[in-house]
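Going by my numbering, 6 is the number at position 9 of the sequence shown; the sequence numbering is gapless. In what follows, a structure is listed as structure tokens, so that the remarks can point back to it.
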Amino acid sequence: SSGINAEYGGRFTGHRNTRTILKEAAFWEDKYVLSGSDCGAVFIWNKQTGDVITTLPVQPQSVLSVAPHPFDPVLACSGLSKQIQILQPDLQIEARTQDEIKSRIRENNRMLEDEGMTIPIPNSVIMRTLSTVDPGDFLAAIL
């Protein structure tokens, strides 16, 4: 477990963040740290110990944003799909076994090794970006 270190705050691991770059993390109920993952799950860590409490499968694609409700035990999750999902997890019921959590973390680590820090960029983004470059400036930069 990595947990909180007074010098820099803490490190929470096990999730995967290589296919998308705009992930958010949040605190929940002053006990937990939340983050989405490229494996399509929300990871919930114990804020004090850094241990993964559970993972919540949300969607088949990346979960980019997780926002807790300020008063109610509700999470809003969004990602690459066109839907925002509202979850009301009961951590006692939703808890995965340690084997399930370790299996998801192993799979994420395997994917991290396979993918490295490669982030796929859609062709449309590349073409839009290139269309804004002055060809004269581009040629001068590469010659």
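Backbone N, C-alpha and C define an ideal beta-carbon position, used for all residues, glycine too. A quick note: this is a predicted structure, and the numbers were derived from the prediction, not measured.
Using 8 Å for Cβ pairs, my map puts residue i next to residue j. What's the rounded Cβ distance?
| i | j | result |
| --- | --- | --- |
| P57 | G37 | 5 Å |
| L77 | E21 | About 14 Å separates the two Cβ atoms, so there is no contact after all. |
| Q82 | V55 | 6 Å |
| P65 | Q85 | Actually they do not touch by this definition, with Cβ atoms about 11 Å apart. |
Using only CA atoms, which one of the options lies nearest to residue i?
| i | options | result |
| --- | --- | --- |
| L88 | T10, K28, C74, A64 | K28 |
| D48 | Q95, L72, C74 | Q95 |
| K44 | V130, F9, Q80 | F9 |
Classify residue i: buried if its beta carbon has 16 or more other beta carbons within 10 angstroms, exposed otherwise.
| i | result |
| --- | --- |
| S128 | exposed |
| R101 | buried |
Is DSSP giving residue i helix, strand or coil here?
| i | result |
| --- | --- |
| A3 | Annotation note: pLDDT 46 at A3 (below 50); position unreliable, no value reported. |
| S78 | coil |
| G11 | coil |
| S121 | helix |
| S32 | strand |
Could you tell me whether any Cβ in chain B is nearer than 7 Å to the Cβ of residue i?
| i | result |
| --- | --- |
| S128 | Any reference to chain B falls outside this structure, which holds one protein chain only. |
Minimum length 3: unbroken beta strand (DSSP E) runs contained in the region 37 to 72: 38 to 43, 49 to 54, 60 to 65
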